[in-house]
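**Student:** In the working numbering, the protein residues as written are 334 to 519.
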Amino acid sequence: MKTKNFARAGIAALFSTLFVLFGSASAAPVTLNLTIQFLDPSGSLEGSGQFDYDPVTGEFSNINFSAPAGDVSGAAFVTTNDTFAGDTRISFLSTSVVDLTGARWFDLGLDGSLSDLANGLVASLTGVFGGDLLCNNSDCSDTSILRNLAPPASVTLAVSDVPLPAALPLFIAGLGGLAFARRRKA
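Take a look at the structure:
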């Protein structure tokens, strides 16, 4: 009788652990690489960087993208322009202050969905419009184009290590405990 109860408890623990591991999975933010050719009066210049994109929430984070200096000064983009950013549009600002007068704005419309890229449904995306802009007023509704994009602009998934699920060591320890208990009973 005790053996049956122990076996049932072990099976329940196993299914609970499997549910924790696989039943409540959600997509994590992915790191994306961005490479852009800018048309500058001095010639074509490459801008590049990375950012994280969460396909579930549609949020951008860890933005690290730079436009090189040419006839136009370079700029580092560090935050999202939430007014325009979305699943098919990358929109970054050079500052997070409220008054955007004089701030730089990088805007890139894409030929597809960042969620599709993050989920492996497409291999890369291409920019179809955009450029390096200067905000002329506090809310950036009036802008001047500093540089346009030169095709091709590409967004690709960065290769990164797959993290070990946090519950995996507990799962392995639980299996080991069940094996030890069963061996001890036998």
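In this text, a Cβ means the ideal position worked out from N, Cα and C, and glycines have one as well.
All of these numbers come straight from a predicted model, not from anything done at the bench.
If contact is defined by three or more beta carbon pairs under 8 Å, each pair taking one atom from either stretch, is the stretch 466-474 in contact with the stretch 502-511?
**Tutor:** Judged by Cβ distances under 8 Å, the stretch 502-511 makes no contact with the stretch 466-474, as fewer than three pairs qualify.
**Student:** Just checking my contact of Phe398 with Thr412 at CB under 8 Å: how many whole Å lie between their CB atoms?
**Tutor:** The Cβ separation is near 11 Å, so there is no contact.
**Student:** Could you give the residue range of the alpha helix (DSSP H) that holds Ser448?
**Tutor:** Counting along the chain, the alpha helix (DSSP H) containing Ser448 begins and ends at 447-451.
**Student:** Enumerate in chain order the residues of its own chain whose CB-to-CB distance from Ala514 is below 6 Å, with the five nearest sequence positions on each side excluded.
**Tutor:** Closer than 6 Å at the Cβ level, and outside the excluded window around Ala514, lies no residue.
**Student:** Classify Ala456 as helix, strand or coil using the three-state DSSP reduction.
**Tutor:** If DSSP states are grouped into helix, strand and coil, Ala456 belongs with coil.
**Student:** Alpha carbons only, please: which of Gly391, Ala402, Pro388, Ser457 is nearest the one belonging to Glu379?
**Tutor:** For Glu379, the nearest C-alpha among the options comes from Ala402.
**Student:** Secondary structure at Leu372, three-state DSSP: helix, strand or coil?
**Tutor:** In the structure shown, Leu372 sits in a strand (DSSP, three-state: E or B).
**Student:** Helix, strand or coil: how does DSSP classify Gly407 here?
**Tutor:** Three-state result, Gly407: coil.
**Student:** For Gly510, count neighbouring Cβ atoms within 10 angstroms of its own Cβ and tell me buried if that reaches 16, exposed if not.
**Tutor:** With fewer than 16 Cβ atoms within 10 Å of its Cβ, Gly510 is classed as exposed.
**Student:** What residue does the beta strand (DSSP E) around Phe398 start on, and which one ends it?
**Tutor:** From DSSP, the beta strand (DSSP E) with Phe398 extends over 392-400.
**Student:** Exposed or buried, what is Leu439 when buried is set at 16 or more other beta-carbons lying within 10 Å of its beta-carbon?
**Tutor:** In the sequence as presented, Leu is not what sits at residue 439; that position holds Phe. It is buried - the Cβ of Phe439 has at least 16 other Cβ atoms within 10 Å.
**Student:** Mark Val488 as exposed unless 16 or more other C-beta atoms lie within 10 angstroms of its C-beta, in which case mark it buried.
**Tutor:** Per the 10 Å Cβ criterion, buried.
**Student:** Under the assumption that Pro362 contacts Ser448 (Cβ atoms under 8 Å), give the Cβ distance between them as a whole number of angstroms.
**Tutor:** Actually they do not touch by this definition, with Cβ atoms about 12 Å apart.
**Student:** Beta carbon of Leu482, beta carbon of Gly453: below 8 Å?
**Tutor:** No, they are not a contact pair.
**Student:** From the DSSP secondary-structure annotation, give me the bridge partner or partners of Phe462.
**Tutor:** Per DSSP, Gly442.
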